[in-house]
Amino acid sequence: MTFHYLDSADDPRVSDYTLLTDVHLRKIREPAEGLYIAESSRVLRRALAAGHRPRSFFLAEKWREDLADIFAQYPDVPAYIGSAALLEEITGFHLHRGAMAAMHRPAPVPLPDLLAGARRVAVLEDIVDHTNVGAIFRSAAALGVDAVLVSPRCGDPLYRRSVRVSMGTVFQVPWARLQDWPGDLAVLRRHGFTVAALELTGDAVGLDELAARQPERLALVLGTEGAGMSEGTLAAVDLAVKIPMRAGVDSLNVAAASAVAFWELRPRD
Numbered sequence: 031m032t033f034h035y036l037d038s039a040d041d042p043r044v045s046d047y048t049l050l051t052d053v054h055l056r057k058i059r060e061p062a063e064g065l066y067i068a069e070s071s072r073v074l075r076r077a078l079a080a081g082h083r084p085r086s087f088f089l090a091e092k093w094r095e096d097l098a099d100i101f102a103q104y105p106d107v108p109a110y111i112g113s114a115a116l117l118e119e120i121t122g123f124h125l126h127r128g129a130m131a132a133m134h135r136p137a138p139v140p141l142p143d144l145l146a147g148a149r150r151v152a153v154l155e156d157i158v159d160h161t162n163v164g165a166i167f168r169s170a171a172a173l174g175v176d177a178v179l180v181s182p183r184c185g186d187p188l189y190r191r192s193v194r195v196s197m198g199t200v201f202q203v204p205w206a207r208l209q210d211w212p213g214d215l216a217v218l219r220r221h222g223f224t225v226a227a228l229e230l231t232g233d234a235v236g237l238d239e240l241a242a243r244q245p246e247r248l249a250l251v252l253g254t255e256g257a258g259m260s261e262g263t264l265a266a267v268d269l270a271v272k273i274p275m276r277a278g279v280d281s282l283n284v285a286a287a288s289a290v291a292f293w294e295l296r297p298r299d
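Residue numbering for the sequence shown follows this note's numbering, beginning at 31 and increasing consecutively.
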C-alpha cells in the first residue's frame, strides 16, 4: 500500500471529497460519476463487507493503524492522508469518525430478483430528507424488512447523510429505485404482495388489525414528509393503514412511524 500525503486542498487527486456539504453538487456528481462516500470507519467496513469496491481512502494520520487490515486487503487502492485542518478544508466539515472512502456504486439489482423470497418490503414515495431515508433503512435492517424500494424522486440512499444516519445499514438491506411510479406497485401485486399505504385516511384500518391478518407478503408504502401520500398512490394500493394515536397527536415523523409499523407488521412465524 502506498500512502499519499496531502499538502494542498487543491490536490486534484482528492476531488471526490471536495464540497461534500454542497447538496446540489453531490446530487449531480455522485450518480453521474458512479460513486458515493462512506464516512466513518464503521460505515466503511460495512460497505466493504457488503462487497462494495473502494475507489480511494481519505484519512488523518492517526487513523492509519486502526485501518491497517483494510489497507492490506486493498493494496492497489490509493490512500490519501492529511492534517485534520486540511481534511476539513477539503470536505467542509471536521472529520472525527476515522476514515472516509470514495466507493464505486454497485450495479442495480433487478426488481424481480429483489422481490424473490421477500416477505416484507418498504416502499418510499418521494421522501427527500436524507436523514429520514437513512433512519428508515436503519429500522428496516433492525426489524426484518427484506428490501426497500424508492420512488424516482425519493432521496438517494447512498447520499452521504443517508449512509451516515443509517450507520451503514443501507448496505445490508437490498434496495432499488423504481422507474414507473406508481405503476410499479402493480409489479408488487403480481408477486403476491398486499400493498398497504401508511396514511391517515377515512377508511384506514388500524395497524394492529392489519398485523392480525398476517399477510404472507406485505409491501408498506411510506409517503413524503408534510404532503403525505399522493392521490395516485392511494388509488393504486390495496388498503391504507394507520397507527392509532393518543392525546390529540395525529402523526409521527415518517422515520419514527416506519419503525413502529415495521415492528408491528413483522412476520410472526
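Glycine included, each C-beta is placed from N, C-alpha and C at the ideal position.
Everything numeric in this text was worked out from a predicted model, so none of it was measured.
Check                                                                                                                                                                  : Outcome
Decide if V267 is buried, meaning its Cβ has at least 16 other Cβ atoms within 10 Å, or exposed.                                                                       : buried
Which same chain residues end up closer than 6 Å to M259 when comparing Cβ atoms and leaving out the 5 residues on each side of it in sequence?                        : A227, E229 and G253
In chain order, what residues of the same chain lie with their CB nearer than 7 Å to the CB of I120, ignoring the 5 residues before and after it?                      : A39, V44, Y47 and T48
Is R59 helix, strand or coil when you go by DSSP?                                                                                                                      : helix
Can you grab the Cα-Cα spacing for the pair V151 / V284, in whole Å?                                                                                                   : 16 Å
Evaluate M275 with the Cβ neighbour count: other Cβ atoms within 10 Å of its Cβ, from every protein chain shown; 16 or more gives buried, anything less gives exposed. : exposed
May I ask you to report which of helix, strand or coil DSSP gives Y47?                                                                                                 : helix
Answer with buried or exposed for F292, where buried requires no fewer than 16 other C-beta atoms within 10 angstroms of its C-beta.                                   : buried
How far does the alpha helix (DSSP H) with L97 in it reach, from first residue to last?                                                                                : From DSSP, L97 is part of no alpha helix (DSSP H); its letter is neither H nor E.
According to the neighbour-count rule (16 or more other Cβ atoms, all chains shown, within 10 Å of its Cβ), is F33 buried or exposed?                                  : exposed
Who are the near neighbours of C184 in its chain, counting only those whose CB is closer than 6 Å to its CB and skipping five residues on each side?                   : L154, D156 and I157
Do R190 and L50 count as a contact pair if the criterion is CB distance below 8 Å?                                                                                     : yes
DSSP three-state call for R150: helix, strand or coil?                                                                                                                 : strand
I'd like to know whether the C-beta atoms of L141 and V217 end up nearer to each other than 8 Å.                                                                       : yes
Taking the alpha helix (DSSP H) that F300 falls in, what are its first and last residues?                                                                              : Lying before the first or after the last residue shown, residue 300 is absent from the chain, which here runs from 31 to 299.
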